[in-house]
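Engineer: One structure follows; several queries about it will come next.
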Amino acid sequence: MEVVTSPKCATPSDTDAACSIASIWQDVLAQAVTGELVAVLNYTSLAEICQSPDEVADALEHAESERGHATAFTAEGKKLGIEVPNNVNAKYWKRLRNAFLRQIDQRDIIGCLIIQEVMLESFAVASYKRVGRVAPGSLGTTFSAIAIEEEDHIDHAMSILRAARALDIQHFDDKVHELHVDVMGTLAQMFAREDGDGHCELCHGSCVKQLLPKVGLTSSELRGASLQHYLRTLDLLGLPGEMTLVWATQLPV
Amino acid sequence: MPLDFALIAHQESWRAAADVLAVLRGPGRTPIPDDDLKDIFPWFPPRAICHIDHRSVLGHSVHGIYIDSFIPPDRLGRDYRAENIGRVRDAAACAIKAGARIVSLGGFSSILIEGDSDLLPEKGETVFTTGNTLTVAFVVRGVKKACALQGRDMSKATLLIVGATGDVGSGCARCLAPLVHRVILNARNIDRLRSLAEELSAGGTAVDIATDLQQLSVQADIVICVASLESPSLLLGRLGANAIICDAGYPKNLSPDDMLEGCTVFYGGLGQSDAGMSFEPDVHRVLHHHPFPNVGQGCVMEGMVLALEGRFEPFSQGRGFITPERVQEIERIAARHGIHLAPLYNAQGPLEEAPCQTGGSTDERQIAGSSRAV
Chain A
0 MEVVTSPKCA
10 TPSDTDAACS
20 IASIWQDVLA
30 QAVTGELVAV
40 LNYTSLAEIC
50 QSPDEVADAL
60 EHAESERGHA
70 TAFTAEGKKL
80 GIEVPNNVNA
90 KYWKRLRNAF
100 LRQIDQRDII
110 GCLIIQEVML
120 ESFAVASYKR
130 VGRVAPGSLG
140 TTFSAIAIEE
150 EDHIDHAMSI
160 LRAARALDIQ
170 HFDDKVHELH
180 VDVMGTLAQM
190 FAREDGDGHC
200 ELCHGSCVKQ
210 LLPKVGLTSS
220 ELRGASLQHY
230 LRTLDLLGLP
240 GEMTLVWATQ
250 LPV
Chain B
0 MPLDFALIAH
10 QESWRAAADV
20 LAVLRGPGRT
30 PIPDDDLKDI
40 FPWFPPRAIC
50 HIDHRSVLGH
60 SVHGIYIDSF
70 IPPDRLGRDY
80 RAENIGRVRD
90 AAACAIKAGA
100 RIVSLGGFSS
110 ILIEGDSDLL
120 PEKGETVFTT
130 GNTLTVAFVV
140 RGVKKACALQ
150 GRDMSKATLL
160 IVGATGDVGS
170 GCARCLAPLV
180 HRVILNARNI
190 DRLRSLAEEL
200 SAGGTAVDIA
210 TDLQQLSVQA
220 DIVICVASLE
230 SPSLLLGRLG
240 ANAIICDAGY
250 PKNLSPDDML
260 EGCTVFYGGL
270 GQSDAGMSFE
280 PDVHRVLHHH
290 PFPNVGQGCV
300 MEGMVLALEG
310 RFEPFSQGRG
320 FITPERVQEI
330 ERIAARHGIH
340 LAPLYNAQGP
350 LEEAPCQTGG
360 STDERQIAGS
370 SRAV
């Protein structure tokens, strides 16, 4: 993927404030588009290990849906005069993608669904909802609408995952914990107050997290809302809340 | 394992919240930095943080869970009422889902619900008790004990109740009004004050009411603060010499500092279990910063007491229905299982020379080490 890092707000006619706000939305959209493209790749990979034609079709349909989301976010950027970059090889996204690929290598469809539908989509849904509330005009509408569509994805997977858990609760919960440490650990680092690992390789300048209050968001709100959505999703799967609470407290900060 | 009871509570301070998360996080992990703690903590959905086994002196025990509603310690005010009711509802749903037979709401949770059980989710087989009757029992017992130890004649005393029209305040008023010379009721709602005053007056007690402590010209010998005072200074000029002050508010914020010099302040509404409790994981020391073992708030102990007795019923519900007869009943049940008034203490430490571990009356024990020995 090409990395685009030049916001269209460098002309003398642009006000500093407008440029500043635009560059924040540029970074927010860059994360969203990249997340959607990672989802496209993940669902496409999933299709390759699915056994039944229906499952293959379903995975490819999801991939197409996520591609549509990426396109919609990119279009919203254009409306704001912003070129939205993406980089699925950016540090944290690459780690998340690699975690998914490890499940593909093991041909573990349940592991794939846990990562994509429970963990990544929880963060997407919660974050998009928050962004949707504060983003101006059609940008906000688009984030909100996509949050609803992503929730439908989660609903779809829940019945499959519940059935898998019913077969072997201990094995399922151990699997979720293993993936939690890997995937949620990465997401927690991504959302952490300080970038302990340096630049995320996606924001066009310095870390956007410190600038989010200028558009009515905070990184702590996005982190907290995402974590809450994730824990509630695990509740719906039937995992004991006191156990998942302990997991959540053990995430990196 | 069957779940006999559940408690719904939350942490009083960020220090306590940090301590709880440190226990959950496990040994060998660095503590969560304060800023991150305040970022993350409010987002946790209510859930059990530990299991509790509570034993009876009769030999049996009951098993339950402590559900933290994760109300942030700095969001206890009225501005957050709707948000906090949502958290208590979620915690209640958590208790129902866990299959608890009886749930104690805890003092602050009860205040939020304000007797409106319709605010709670569909209950199924689970029953809820506010726990306020046992709180009243321990407050009343504590006041009597402090008076007895000071050699006070309660029949000559003026009693001031701050937060008098709430469930606990009105229950204390009904229990103590017949025993004192005069009662002053303080609360914000004038209609409720008048109604309670009328009820108590009918029993022959001299009653005054005040919506503003600053309006009071009389001095009180005994004060029960059910509502947390914004500042102890609000009591200045309203206290008789060597007044006894029971801090039964939430959070407890009165201490025998300079403003209350000469007064005896103790924390009210606390009980102690002779047979003891055990926690898994062991968060007992984190949850209960008391100088004595096996101490807990009366409101949360009520559910355990009823579970030990096998009475899975909403013993305390609604607002303003706590009577002296009900207080005596819950106190009798508690005593049967070795649960009684905790030794008196305040922010400076124990007010008694020896912790009570034997049950029964402790009125004759000596109090020492307070700002003023009684």
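Those protein sequences? They're chains A and B, same order as listed.
If you're matching positions, the first sequence starts at 0 in numbering that gives the first Met the number 0 and goes up one per residue.
If you're matching positions, the second sequence starts at 0 in numbering that gives the first Met the number 0 and goes up one per residue.
Backbone N, C-alpha and C define an ideal beta-carbon position, used for all residues, glycine too.
Predicted, not measured: the structure shown is a model, and the values here were computed from it.
Can you find a C-beta in chain B that's less than 8 Å from the C-beta of residue 247 of chain A?
Structural biologist: Position 248 of the first sequence, counted from the first residue, corresponds to residue 247 of chain A. So yes, residue 247 of chain A belongs to the interface.
Engineer: Can you tell which of B/225, B/301, B/220 has its C-alpha closest to the C-alpha of residue 261 of chain B?
Structural biologist: Counted from its first residue, the second sequence places residue 261 of chain B at position 262. Answer by Cα proximity: B/220.
Engineer: Less than 8 Å between the beta carbons of residue 217 of chain B and residue 161 of chain B, yes or no?
Structural biologist: Here residue 217 of chain B refers to the residue found at position 218 of the second sequence. Here residue 161 of chain B refers to the residue found at position 162 of the second sequence. Not a contact, by the Cβ cut-off of 8 Å.
Engineer: Whose C-beta lies closer than 7 Å to the C-beta of residue 7 of chain A among residues of the same chain, with five residues either side of it excluded?
Structural biologist: On the first sequence, residue 7 of chain A is found 8 positions in, with the first residue counted as 1. In this prediction, residue 7 of chain A has a pLDDT of 45, which is less than 50 and means its spatial position is unreliable; nothing more can be read from the coordinates.
Engineer: In this structure, how does DSSP classify residue 229 of chain A when only helix, strand and coil are distinguished?
Structural biologist: As a first step, residue 229 of chain A is located in the first sequence; it is residue number 230 there, counting from the start. DSSP places residue 229 of chain A in helix when its eight states are reduced to three.
Engineer: So, does the CB of residue 39 of chain B fall closer than 8 Å to a CB anywhere in chain A?
Structural biologist: Locating residue 39 of chain B in the second sequence gives position 40, counting from the first residue. It does: the Cβ of residue 39 of chain B has a partner Cβ on chain A nearer than 8 Å.
Engineer: What residue range is occupied by the uninterrupted alpha helix (DSSP H) comprising residue 66 of chain A?
Structural biologist: Position 67 of the first sequence, counted from the first residue, corresponds to residue 66 of chain A. 52 to 78 is the span of the alpha helix (DSSP H), which, as asked, contains residue 66 of chain A.
Engineer: Say whether chain A places a C-beta atom closer than 8 Å to the C-beta of residue 72 of chain B.
Structural biologist: The residue you call residue 72 of chain B lines up with position 73 of the second sequence. So, not an interface residue.
Engineer: Measure the CB-CB distance between residue 180 of chain B and residue 157 of chain B and report whether it falls below 8 Å.
Structural biologist: Within the second sequence, numbered from 1, the residue matching residue 180 of chain B stands at position 181. Within the second sequence, numbered from 1, the residue matching residue 157 of chain B stands at position 158. Yes, these two residues count as a Cβ contact at 8 Å.
Engineer: So, for residue 330 of chain B: in the same chain, excluding its five sequence neighbours on each side, which residues have a beta-carbon less than 6 Å away from its beta-carbon?
Structural biologist: Position 331 of the second sequence holds residue 330 of chain B. Within the same chain, residue 330 of chain B has close Cβ partners 136.
Engineer: Could you tell me which whole alpha helix (DSSP H) segments of length 4 or greater appear in the region 91 to 119 of chain B?
Structural biologist: Listed in chain order, the complete alpha helix (DSSP H) runs (minimum 4 residues) inside the region 91 to 119 of chain B are 106 to 112.
Engineer: Closer than 8 Å, CB to CB, is residue 13 of chain B near chain A or not?
Structural biologist: To locate residue 13 of chain B, count along the second sequence from 1; it is residue 14. No, its Cβ sits nowhere closer than 8 Å to a Cβ of chain A.
Engineer: Interface residues of chain A around residue 47 of chain B at Cβ under 9 Å?
Structural biologist: Locating residue 47 of chain B in the second sequence gives position 48, counting from the first residue. Within 9 Å Cβ-Cβ: 239, 240, 241, 244.
Engineer: Examine chain A for any beta-carbon lying closer than 8 Å to the beta-carbon of residue 382 of chain B, and answer yes or no.
Structural biologist: As shown, chain B starts at 0 and ends at 373. That puts residue 382 of chain B outside it, with no answer to give.
Engineer: Report the residue ranges of all alpha helix (DSSP H) runs contained in full by the region 150 to 200 of chain B; include only those spanning at least 4 residues, in chain order.
Structural biologist: With a minimum length of 4 residues, the continuous alpha helix (DSSP H) runs that stay inside the region 150 to 200 of chain B are 166 to 175.
Engineer: Determine, for residue 182 of chain A, whether the minimum Cβ-Cβ distance to residues of chain D falls below 8 Å.
Structural biologist: Of the protein chains in the structure, A and B, none is chain D.
Engineer: Give the C-beta separation of residue 301 of chain B and residue 133 of chain B to the nearest angstrom, bearing in mind that I take them to be a contact with Cβ-Cβ under 8 Å.
Structural biologist: Within the second sequence, the letter at position 302 stands for residue 301 of chain B. Within the second sequence, the letter at position 134 stands for residue 133 of chain B. Contact holds; Cβ gap of about 4 Å.
Engineer: Below 8 Å, can you find three or more Cβ-Cβ pairs linking the region 84 to 98 of chain A to the region 120 to 138 of chain A?
Structural biologist: Touching, no.
Engineer: If you count every other CB in all the chains shown that lies within 10 Å of the CB of residue 58 of chain B, and 16 or more means buried, which is it?
Structural biologist: Counting from 1 along the second sequence, the entry for residue 58 of chain B is found at position 59. The residue in question, residue 58 of chain B, is exposed, as its Cβ has fewer than 16 Cβ neighbours within 10 Å.
Engineer: For residue 231 of chain A, go through chain B and note every residue whose CB falls closer than 9 Å to its CB, in chain order.
Structural biologist: Looking up residue 231 of chain A in the first sequence gives position 232. In chain order: 44.
Engineer: Pull up the DSSP beta-bridge partners for residue 49 of chain B, would you.
Structural biologist: Looking up residue 49 of chain B in the second sequence gives position 50. Note: residue 49 of chain B sits in a beta bridge opposite B/65.
Engineer: Determine, using beta carbons only, whether residue 237 of chain B and residue 212 of chain B come nearer to each other than 8 Å.
Structural biologist: Sequence index remark: in the second sequence, residue 237 of chain B carries index 238 (1-based). Sequence index remark: in the second sequence, residue 212 of chain B carries index 213 (1-based). Taking 8 Å as the Cβ cut-off, residue 237 of chain B and residue 212 of chain B qualify as a contacting pair.
Engineer: What number of angstroms, rounded off, separates the C-alpha of residue 61 of chain A from the C-alpha of residue 181 of chain A?
Structural biologist: In the first sequence, residue 61 of chain A corresponds to position 62, counting from 1. In the first sequence, residue 181 of chain A corresponds to position 182, counting from 1. The straight-line gap from Cα to Cα measures roughly 24 Å.
Engineer: Work out the CA separation of residue 71 of chain A and residue 33 of chain A for me, nearest whole Å.
Structural biologist: Taking the first residue of the first sequence as position 1, residue 33 of chain A is located at position 34. Taking the first residue of the first sequence as position 1, residue 71 of chain A is located at position 72. Their Cα atoms are separated by approximately 12 Å.
Engineer: Alpha carbons only, please: which of B/272, B/173, B/12 is nearest the one belonging to residue 304 of chain B?
Structural biologist: In the second sequence, residue 304 of chain B corresponds to position 305, counting from 1. When each option's Cα is compared against that of residue 304 of chain B, the closest is B/272.
Engineer: What does the alpha-carbon distance come out to for the pair residue 1 of chain B and residue 117 of chain B?
Structural biologist: The count along the second sequence starts at 1 and reaches residue 1 of chain B at position 2. The count along the second sequence starts at 1 and reaches residue 117 of chain B at position 118. Cα to Cα, residue 1 of chain B sits roughly 26 Å from residue 117 of chain B.
Engineer: Determine, for residue 31 of chain B, whether the minimum Cβ-Cβ distance to residues of chain A falls below 8 Å.
Structural biologist: Numbered from 1 along the second sequence, position 32 holds the residue referred to as residue 31 of chain B. Yes, its Cβ sits closer than 8 Å to a Cβ of chain A.
Engineer: If you draw a straight line from the alpha carbon of residue 30 of chain B to that of residue 17 of chain B, how long is it in whole angstroms?
Structural biologist: Taking the first residue of the second sequence as position 1, residue 30 of chain B is located at position 31. Taking the first residue of the second sequence as position 1, residue 17 of chain B is located at position 18. About 8 Å.
Engineer: Could you say which of A/113, A/155, A/175 lies nearest to residue 254 of chain A if we only look at CA atoms?
Structural biologist: The displayed coordinates of chain A run from 0 to 252. Any statement about residue 254 of chain A would go beyond what the structure contains.
Engineer: So what does residue 8 of chain B bridge to, in DSSP terms?
Structural biologist: The residue you call residue 8 of chain B lines up with position 9 of the second sequence. Its beta-bridge partners are B/67.
Engineer: Check for me: the alpha helix (DSSP H) holding residue 303 of chain B runs from which residue to which?
Structural biologist: Numbered from its first residue, the second sequence carries residue 303 of chain B at position 304. Here the alpha helix (DSSP H) through residue 303 of chain B covers 297 to 308.
Engineer: Would residue 261 of chain B pass as an interface residue toward chain A - the criterion being a Cβ-Cβ separation below 8 Å?
Structural biologist: For the purposes of this step, residue 261 of chain B is taken as residue 262 along the second sequence, with counting starting at 1. It does not: the Cβ of residue 261 of chain B has no partner Cβ on chain A nearer than 8 Å.
Engineer: Apply the 10 Å Cβ neighbour rule to residue 210 of chain B and answer buried if 16 or more other Cβ atoms are within range, or exposed otherwise.
Structural biologist: Within the second sequence, the letter at position 211 stands for residue 210 of chain B. Residue 210 of chain B comes out exposed.
Engineer: If we cut at 8 Å on Cβ distances, does residue 252 of chain A have a partner in chain B?
Structural biologist: One-based indexing of the first sequence puts residue 252 of chain A at position 253. It does: the Cβ of residue 252 of chain A has a partner Cβ on chain B nearer than 8 Å.
Engineer: Just how far apart, CA to CA, sit residue 44 of chain A and residue 100 of chain A?
Structural biologist: Along the first sequence, one-based indexing puts residue 44 of chain A at 45. Along the first sequence, one-based indexing puts residue 100 of chain A at 101. Going by the C-alpha atoms only, they are around 8 Å apart.
Engineer: So, under 8 Å CB-CB, residue 48 of chain B and residue 19 of chain B are touching, yes? Tell me the CB distance rounded to an integer number of Å.
Structural biologist: Within the second sequence, the letter at position 49 stands for residue 48 of chain B. Within the second sequence, the letter at position 20 stands for residue 19 of chain B. Contact flag correct, Cβ pair sits at about 6 Å.
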